[in-house]
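Structure record follows, encoded as structure tokens.
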Ligand code: ADP
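Residue numbers (the UniProt record's numbering): 32 to 501.
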């Protein structure tokens, strides 16, 4: 029928526009490496902020003592405590407590938000100390994971540049994040010093490095996406005026805001961007992170429904932004039942679509596949971009006769985030693309190592590495 033809037309167009052949992925990786250089050369030199974290020491295993961390930056926040025994890989214990952030606090005032997390931290610390019989009181040190773009003046302080991921607390922009938390801790009467302010990717890198010193970078694929890596001092041209003694420093790409004309962009991406609270910002993140994938898929299905009668009357739920969350999209995508009953369940329960023909279920599954495949392959290109920047992608240095596989060193990238960990097909597509871009010989030396709770434990580890007592 003509109607079905239209739906198929939309599908063909989507497939074409989301094409990510290996040539294009290489262009994206190259573009990222170029932007990284530009961002390191001068402040504002690129859409990539290439933020200096001032983390110039990563935990090497010699750290000892009790450290706390507070992790704020997504749907949940976490408080945790670690005990370090002074040997690599001997995090003696760690205890985590996680709580959802009440939605209204994401758009309230900074005082309300920080009072809320400070109160939770205080309760956690007191309960821990009571249970463990630790002497309460002074000398407590905290690593604060705050996963939003921050301009840091030191390892323990920094100013919020802007919010992302649905947070919008205007009075906080331009303010020192650590100071705001420190004041809230004081208001709650909790004696604790903020030693390190990091984001989730930096925490993940610290934990990865603690376990494996071949770790060179960390990437996050969760609600949002970001990456950081270890850079040599000489390469950080924009801070050569600063009088620092470090040999290398962790640099935070803030790659969510990466943009390149090589990125395959569709009508749906453009519309999603226009309808977002931050149009033209976070372009890369809007194509690959968990916050957006389900929403892109919803927009495609909606267009199909509007342009044909394949769902009958367009259900109003299908017109509701962000109603199709990425885990649901994943569940449809990975439905292995003969009749695609999971696809049907989600379509009827979440989108309130009447029961549909198996052919349509298959089509919806295909939409999920196209969106996720593009995301995962672009994510892989991003990783390769970083490896390129630090000369770990196996390309022969000019004039060198050595074969790439003999010069390639073991290279570990720490990875974290629900999208990568829980969405198997995303992970598989990412690995597949990595191999396509790098080639079999090189990819053997590249390890993507999942860490757990790195954003929290890692922050406590950075605090330990920069502690006044160690
Ligand atoms: P954060 O919100 O701090 O990024 P996570 O790293 O746990 O927390 O990532 C959670 C995000 O990962 C969710 O918002 C969702 O987008 C994605 N996600 C979690 N589980 C799944 C899943 N099973 N399938 C697809 N995406 C998932």
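Idealized CB from N, CA, C, for every residue including glycine.
The ligand ADP heavy atoms versus the CB of residue 139: any closer than 7 Å?
-> no
Tell me whether residue 239 counts as near the ligand ADP, meaning its Cβ is closer than 7 Å to at least one heavy atom of that ligand.
-> no
Would you say the beta carbon of residue 512 comes nearer than 7 Å to a heavy atom of the ligand ADP?
-> Nothing can be reported for residue 512: it is not among the residues displayed for the chain, which extend from 32 to 501.
Between the CA atoms of residue 288 and residue 422 - distance to the nearest angstrom | 23 Å
Within 8 Å, strictly: CB atoms of residue 195 and residue 324 | no
Evaluate residue 436 with the Cβ neighbour count: other Cβ atoms within 10 Å of its Cβ, from every protein chain shown; 16 or more gives buried, anything less gives exposed.
-> Its pLDDT being 45, under 50, residue 436 is placed unreliably by the model, and nothing is read from it.
In its own chain, which residues sit with a C-beta less than 8 Å from the C-beta of residue 41, not counting the 5 before and 5 after it?
-> Here the set comprises 331, 334, 335, 338.
Applying the criterion that 16 or more other CB atoms from any shown protein chain within 10 Å of the CB defines a buried residue, is residue 472 buried or exposed?
-> exposed
Mind checking which residues open and close the alpha helix (DSSP H) that includes residue 159?
-> It spans 141-163 - the alpha helix (DSSP H) in which residue 159 sits, taken as one unbroken run.
Mind listing, in chain order, the continuous alpha helix (DSSP H) runs of no fewer than 4 residues lying wholly within the segment 326-381?
-> 357-364, 372-380
Mind checking whether the beta-carbon of residue 450 lies closer than 7 Å to any heavy atom of the ligand ADP?
-> yes
Would DSSP call residue 428 helix, strand or coil?
-> With a pLDDT of 49 at residue 428, under the threshold of 50, the modelled position of this residue cannot be trusted; read the value that follows with caution. In the structure shown, residue 428 sits in coil (DSSP, three-state: anything other than H, G, I, E or B).
Beta-carbon spacing of residue 265, residue 280 below 8 Å | no
Hey, would you say the C-beta of residue 321 is under 7 Å away from at least one heavy atom of the ligand ADP?
-> Residue 321 Cβ: within cutoff of the ligand ADP.
Straight-line Cα distance separating residue 63 from residue 293 | 10 Å
Exposure label - residue 118; buried when at least 16 CB within 10 Å | exposed
Looking at residue 232 and the ligand ADP, is the gap between the Cβ and the nearest heavy atom below 7 Å?
-> no
Any idea which residues DSSP pairs residue 131 with across the strands?
-> 107
Any non-hydrogen atom of the ligand ADP within 7 Å of residue 454 CB | yes
Using a threshold of 8 Å, state whether the C-beta atoms of residue 154 and residue 102 are closer than that.
-> no
When we look at the beta-carbon of residue 343 and count the other beta-carbons within 10 Å, is it buried (16 or more) or exposed?
-> exposed
For residue 470, name the three-state secondary structure that DSSP assigns.
-> coil
Is it the case that the Cβ atoms of residue 238 and residue 445 are separated by a distance below 8 Å?
-> Going by beta carbons, residue 238 and residue 445 fall inside the 8 Å limit.
Does the segment 206-219 touch the segment 52-60, meaning 3 or more C-beta pairs lie closer than 8 Å?
-> no
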